[in-house]
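Participant: Numbering (my numbering), first residue to last: 3 to 901. The beta carbon of each residue, even a glycine, is placed where N, CA and C say it ideally should be.
1) Sorted by chain position, which residues of the same chain lie with C-beta nearer than 6 Å to residue 811's C-beta, five sequence neighbours on each side aside?
2) Is there at least one Cβ from chain C nearer than 7 Å to residue 740's Cβ?
3) Along the chain, where does the alpha helix (DSSP H) that runs through residue 525 open and close?
4) Please report the distance separating the alpha-carbon of residue 2 from that of residue 200.
5) Confirm, please, whether the CB-CB distance from residue 91 to residue 56 is below 7 Å.
6) May I ask you to report which of helix, strand or coil DSSP gives residue 510?
7) Residue 326 and residue 269 look like a contact to me (Cβ under 8 Å); what is the Cβ gap, rounded to whole Å?
8) Please report how far the alpha carbon of residue 768 lies from the alpha carbon of residue 783, in whole angstroms.
9) Apart from the five residues just before and just after residue 111, which ones in its own chain have a Cβ nearer than 7 Å to its Cβ?
10) Should the region 247-254 be called in touch with the region 196-216, which here means at least 3 C-beta pairs below 8 Å?
11) Grouping DSSP H, G and I as helix and E and B as strand, with all else coil, what is residue 561?
12) According to DSSP, is residue 370 part of a helix, a strand, or is it coil?
13) Less than 7 Å between the C-beta atoms of residue 562 and residue 515, yes or no?
14) Do the CB positions of residue 46 and residue 84 come within less than 7 Å of each other?
15) CB-CB under 7 Å to residue 556, same chain, minus the five flanking residues each way: which ones, in chain order?
16) Would you report the Cα separation of residue 560 and residue 525, rounded to the nearest angstrom?
17) Does DSSP classify residue 477 as helix, strand or coil?
18) Indicate whether the contact test is met: 3 or more Cβ pairs, each with one atom in the region 65-80 and one in the region 20-31, closer than 8 Å.
19) Report the rounded CA-to-CA distance for residue 314 versus residue 216, giving the unit in angstroms.
20) Rounded to the nearest angstrom, how far is the Cβ of residue 545 from that of residue 586, given a contact under 8 Å?
21) Quick test of the definition: if touching needs 3 or more C-beta pairs under 8 Å, does the region 424-435 touch the region 595-603?
22) Could you tell me the distance, in whole angstroms, from the CA atom of residue 968 to the CA atom of residue 343?
23) Among 282, 189 and 127, which has the Cα closest to the Cα of residue 147?
24) Does residue 706 pass the burial test, meaning 16 or more other C-beta atoms within 10 Å, or should it be called exposed?
25) If residue 94 and residue 139 are in contact, beta carbons under 8 Å, what's the gap, nearest whole angstrom?
26) From residue 54 to residue 257, what does the alpha carbon distance come to, in whole angstroms?
27) Helix, strand or coil for residue 363? Go by DSSP, reduced to three states.
28) Please list the terminal residues of the continuous alpha helix (DSSP H) segment that includes residue 630.
29) Can you check which of these residues, 152, 452, 172 and 505, is closest to residue 193 by C-alpha distance?
30) Straight-line CA distance for residue 127 to residue 162?
31) Given this structure, state the Cα-to-Cα distance separating residue 745 from residue 704, to the nearest angstrom.
32) Where does residue 281 fall in DSSP's three states?
33) Hey, is the region 448-455 in contact with the region 393-408, meaning 3+ C-beta pairs nearer than 8 Å?
34) Just the C-alpha distance for residue 22 and residue 52, rounded to the nearest angstrom, thanks.
35) Quick test of your reading: residue 528 and residue 577, contact by CB under 8 Å. State the CB separation rounded to the nearest angstrom.
36) Does residue 281 pass the burial test, meaning 16 or more other C-beta atoms within 10 Å, or should it be called exposed?
This is how it looks when you write it as structure tokens:
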């Protein structure tokens with residue numbers, strides 16, 4: 003130990019002499035002691051010394067002690083202290099010291115050394131697996147250095163470390179468990195580790211998501227106070243954003259796991275106006291808004307986006323964002339991102355768009371949110387990013403929303419509405435004709451989105467009349483736009499008007515003809531296309547003018563004699579040149595701003611000078627470019643064909659023959675269509691006939707089976723009815739015998755009681771006789787009811803026999819057989835129930851006779867006690883008769899059939 007102390011003194015400072023070892027020699031001896039010492043204390047002290055030297059001598063420790071330290075991690079797992087020293091030493095070698103106080107520390111070599119030692123460490127994937135196994139140790143001295151070490155390795159070689167963690171069993175799961183660690187420093191460093199670990203690796207992102215990653219992250223966000231939390235909330239949100247961005251699987255899992263509703267509390271900002279917006283709160287809110295936009299991005303598959311939009315509306319998230327939209331005191335960047343987020347939540351979703359149209363600002367009187375937003379868009383004093391966000395939100399509101407488009411155009415038409423009320427149409431017209439070129443472009447693009455894929459509104463917009471100066475007649479919107487376009491102006495104004503006119507005229511012949519009715523429009527377009535090449539942006543204006551001229555050719559119905567299709571094509575060939583026209587047209591698609599705008603509907607302009615193209619216009623240009631090129635191509639003519647030498651009479655005759663052939667061709671087409679219909683009907687009828695044949699055969703088979711069942715069930719029913727008749731006859735005879743025996747016994751008992759009872763007991767005996775007579779009369783009534791039931795059973799048996807005979811006579815009707823069998827079955831069941839009732843009544847009679855016998859015995863005992871003589875023969879005979887009667891009843895019960 004003295005040797006180590008002297009070595010450490012030489013390294014760390016203290017009295018020195020010429021014989022003291024150098025740092026490399028000290029490290030070499032410490033490494034040898036780590037590798038060869040048999041005592042754990044010695045190895046621990048050596049690791050402690052190496053850890054102390056690792057901050058100052060990274061190169062020496064990494065070159066000489068790396069293998070020995072890894073060996074310690076493998077062999078000394080039972081001692082957390084030595085593990086902590088070894089991990090700290092390796093961590094310092096990979097990451098460098100945590101401060102720059104050391105004079106020998108060179109900033110320039112830190113990254114190079116860390117990269118080199120990282121490559122050495124992860125060259126064996128077993129080393130990473132070893133760290134992931136040791137991370138299960140709860141001791142802070144072991145777990146925290148491992149997290150820092152993995153973070154350092156990941157910063158130098160992210161892809162290689164990701165692969166090593168993927169091949170390690172339960173590697174990602176062990177890292178996810180660290181989020182539940184109660185020590186905040188470990189949890190926070192784990193968040194940073196996961197943020198870098200999940201980047202650009204979809205497999206790890208999916209594993210983290212399925213390891214309850216979203217649950218744990220949302221739990222941390224909730225504990226930290228949602229948007230009011232600190233940087234930890236921001237770290238959690240960055241991890242969530244990494245897990246969801248460009249990962250459709252995780253987005254679907256997030257939606258199906260009902261995690262969207264847990265985002266709503268984040269935007270509960272009612273008390274923000276009182277407490278204000280801190281910088282961290284704004285950062286957290288911006289991050290959460292980005293997560294919402296990732297879930298509802300238009301770049302996702304449509305079903306994923308629609309499901310997310312629906313869930314966000316149902317959980318109230320859209321309502322909360324609209325509240326932030328109309329709130330005061332919200333920072334500009336947060337408001338801008340909120341507007342973009344609301345736009346993507348309502349894009350293409352009719353229910354969300356309808357809800358947004360009803361949102362009003364808390365003003366007096368209330369103003370629609372759309373009007374308030376458009377006021378910001380056409381105001382050049384507002385921040386540029388905010389104005390772009392409003393335009394994007396307005397575009398999303400009109401996307402595939404015919405009702406919204408109609409509402410916007412309606413505000414431009416004459417109406418009886420309050421003139422003091424600001425409408426969307428007034429704001430758009432004000433922006434379209436203002437002096438600010440960016441406002442011109444914004445208003446023109448916004449108005450064009452009210453016409454996209456909606457020919458009805460294109461025709462309605464033709465009715466818009468604009469008032470000029472007092473006393474002058476109103477002018478149409480088409481004429482006003484054309485006048486502004488011909489007056490020149492800034493680039494953005496001209497591009498906006500050209501895109502509006504192109505969208506308006508495309509697929510709308512009426513609009514094209516009204517545009518052509520203005521005599522100065524076509525000369526202006528041809529002059530613009532025929533201009534000499536200017537700068538890059540002027541080429542864009544010339545190219546879109548060529549595109550608009552091509553639209554006027556393609557959607558021309560030749561109702562304007564001065565500008566028919568053929569005349570316009572000849573004008574292009576003679577005045578411009580076909581090659582020049584095509585070059586101007588193709589130059590638009592080669593422009594960088596066009597390519598950038600065509601990629602995403604979101605407006606990603608960094609500065610006003612980039613405001614040139616709109617996504618929907620790029621889509622229109624791409625769809626009609628080939629059509630326009632084909633429309634301006636010259637049509638071949640037969641100058642020397644057979645028609646050129648014909649007389650007018652011959653040409654008229656040829657025209658008539660052509661008409662006849664055309665009529666015959668139409669008739670042939672109709673006959674072919676009728677033949678195809680007849681064939682389809684024939685095939686359908688044939689299929690139906692085959693089905694009916696199969697059904698008839700099945701019915702025949704069922705009929706034969708029913709006949710067989712009827713014959714079997716008929717025989718069984720007849721046998722059962724005969725058996726029931728015999729049993730009822732026997733029951734009747736036994737009931738008659740019982741009645742006679744009961745009457746005889748009653749007479750004998752009455753005679754004996756009258757002769758033997760003394761005078762003083764006459765009153766008691768008379769009471770007993772009354773009770774006996776009453777019970778006997780009750781028995782007689784029960785017997786009479788039994789007779790009545792037997793008679794009813796006989797009648798039912800007769801009816802059953804008749805029905806059975808009738809059913810046997812109708813053998814050809816299978817339905818009647820089934821009904822008869824059913825009735826017989828029900829009647830047999832009824833007979834069995836009635837027999838059960840008779841059995842129960844006979845049992846009641848037996849009980850009554852038994853009670854009567856007991857009372858007679860009691861009377862005899864009383865007579866004997868009073869001194870009267872009672873013959874035993876009578877007693878025996880009565881007992882025997884009672885026993886015989888009971889035996890008869892038992893025999894009768896045995897003879898009765900079971901239910």
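Facilitator: This is what the structure holds:
1) To locate residue 811, count along the chain shown from 1; it is residue 809. The predicted model places residue 811 with a pLDDT of 46, which falls under 50 and marks its position as unreliable, so this point remains unresolved.
2) Checking the listed chains, one finds no chain C in this structure; it contains a single protein chain.
3) The sequence position of residue 525 within the chain shown is 523, counting from 1. For residue 525, the enclosing alpha helix (DSSP H) has its first and last residue at 523-531.
4) The first residue shown for the chain is 3 and the last is 901, placing residue 2 beyond what the model contains.
5) Taking the first residue of the chain shown as position 1, residue 56 is located at position 54. Taking the first residue of the chain shown as position 1, residue 91 is located at position 89. Yes, these two residues count as a Cβ contact at 7 Å.
6) Walking along the chain shown from the start, residue 510 turns up at place 508. In this structure, residue 510 counts as coil in the three-state DSSP scheme.
7) As a first step, residue 326 must be located in the chain shown, where it is residue number 324. As a first step, residue 269 must be located in the chain shown, where it is residue number 267. Contact holds; Cβ gap of about 7 Å.
8) Position 766 of the chain shown holds residue 768. Position 781 of the chain shown holds residue 783. Annotation note: pLDDT 47 at residue 768 (below 50); position unreliable, no value reported.
9) Reading the chain shown from its first residue, position 109 is the one you call residue 111. Per-residue confidence for residue 111 stands at a pLDDT of 40, beneath the threshold of 50, marking its modelled position as unreliable; no derived number is given.
10) yes
11) Counting from 1 along the chain shown, the entry for residue 561 is found at position 559. Looking at residue 561 - three-state DSSP - the assignment turns out to be coil, as it is neither helix nor strand.
12) As a first step, residue 370 must be located in the chain shown, where it is residue number 368. Assignment of residue 370 by DSSP, reduced to helix, strand and coil, places it in the strand class.
13) In the chain shown, counting from the first residue as 1, residue 562 sits at position 560. In the chain shown, counting from the first residue as 1, residue 515 sits at position 513. Yes; because the gap between Cβ atoms is below 7 Å, this pair is in contact.
14) Here residue 46 is taken as the residue at index 44 of the chain shown, counted from 1. Here residue 84 is taken as the residue at index 82 of the chain shown, counted from 1. Yes.
15) As a working note, residue 556 is residue 554 in the chain shown. Beyond the five residues adjoining it in sequence on each side, residue 556 comes within less than 7 Å, by CB distance, of 629, 630 and 633 in the same chain, given in chain order.
16) As a working mapping, residue 560 is identified with position 558 in the chain shown. As a working mapping, residue 525 is identified with position 523 in the chain shown. Approximately 18 Å between the Cα atoms of the pair.
17) One-based indexing of the chain shown puts residue 477 at position 475. Of the three classes helix, strand and coil, the one that applies to residue 477 here is strand, per DSSP.
18) yes
19) Position 312 of the chain shown, counting from 1, holds the residue named residue 314. Position 214 of the chain shown, counting from 1, holds the residue named residue 216. Going from the Cα of residue 314 to the Cα of residue 216 covers about 17 Å.
20) Here residue 545 refers to the residue found at position 543 when the chain shown is read from its first residue. Here residue 586 refers to the residue found at position 584 when the chain shown is read from its first residue. With a Cβ gap of about 5 Å, residue 545 and residue 586 count as contacting.
21) no
22) In the structure displayed, the chain extends from 3 to 901; residue 968 sits before or after that span and is not available.
23) Along the chain shown, one-based indexing puts residue 147 at 145. When each option's Cα is compared against that of residue 147, the closest is 189.
24) Counted from its first residue, the chain shown places residue 706 at position 704. With fewer than 16 other CB atoms across the displayed protein chains lying within 10 angstroms of its CB, residue 706 is exposed.
25) In the chain shown, residue 94 corresponds to position 92, counting from 1. In the chain shown, residue 139 corresponds to position 137, counting from 1. With a Cβ gap of about 20 Å, residue 94 and residue 139 do not count as contacting.
26) Here residue 54 is taken as the residue at index 52 of the chain shown, counted from 1. Here residue 257 is taken as the residue at index 255 of the chain shown, counted from 1. Distance between the alpha carbons of residue 54 and residue 257: 50 Å.
27) Locating residue 363 in the chain shown gives position 361, where the first residue counts as 1. Three-state result, residue 363: strand.
28) As a position in the chain shown, residue 630 is number 628, starting the count at 1. Where residue 630 is concerned, the enclosing alpha helix (DSSP H) stretches over 617-634.
29) Residue numbering aside, residue 193 sits at position 191 when the chain shown is read from its first letter. Comparing Cα-Cα distances from residue 193 to each of 152, 452, 172 and 505, the minimum goes to 152.
30) The residue you call residue 127 lines up with position 125 of the chain shown. The residue you call residue 162 lines up with position 160 of the chain shown. About 9 Å.
31) Here residue 745 refers to the residue found at position 743 when the chain shown is read from its first residue. Here residue 704 refers to the residue found at position 702 when the chain shown is read from its first residue. Cα to Cα, the separation comes out at about 60 Å.
32) Against the chain shown, residue 281 aligns to sequence position 279. Helix, per DSSP.
33) Judged by Cβ distances under 8 Å, the region 448-455 makes contact with the region 393-408, as three or more pairs qualify.
34) Taking the chain shown and counting its residues from 1, one reaches residue 22 at position 20. Taking the chain shown and counting its residues from 1, one reaches residue 52 at position 50. So the two alpha carbons sit approximately 18 Å from each other.
35) Your numbering for residue 528 matches position 526 in the chain shown. Your numbering for residue 577 matches position 575 in the chain shown. At roughly 5 Å, the Cβ-Cβ gap stays under 8 Å, so residue 528 and residue 577 are in contact.
36) As a position in the chain shown, residue 281 is number 279, starting the count at 1. Its Cβ having fewer than 16 others within 10 Å, residue 281 is exposed.
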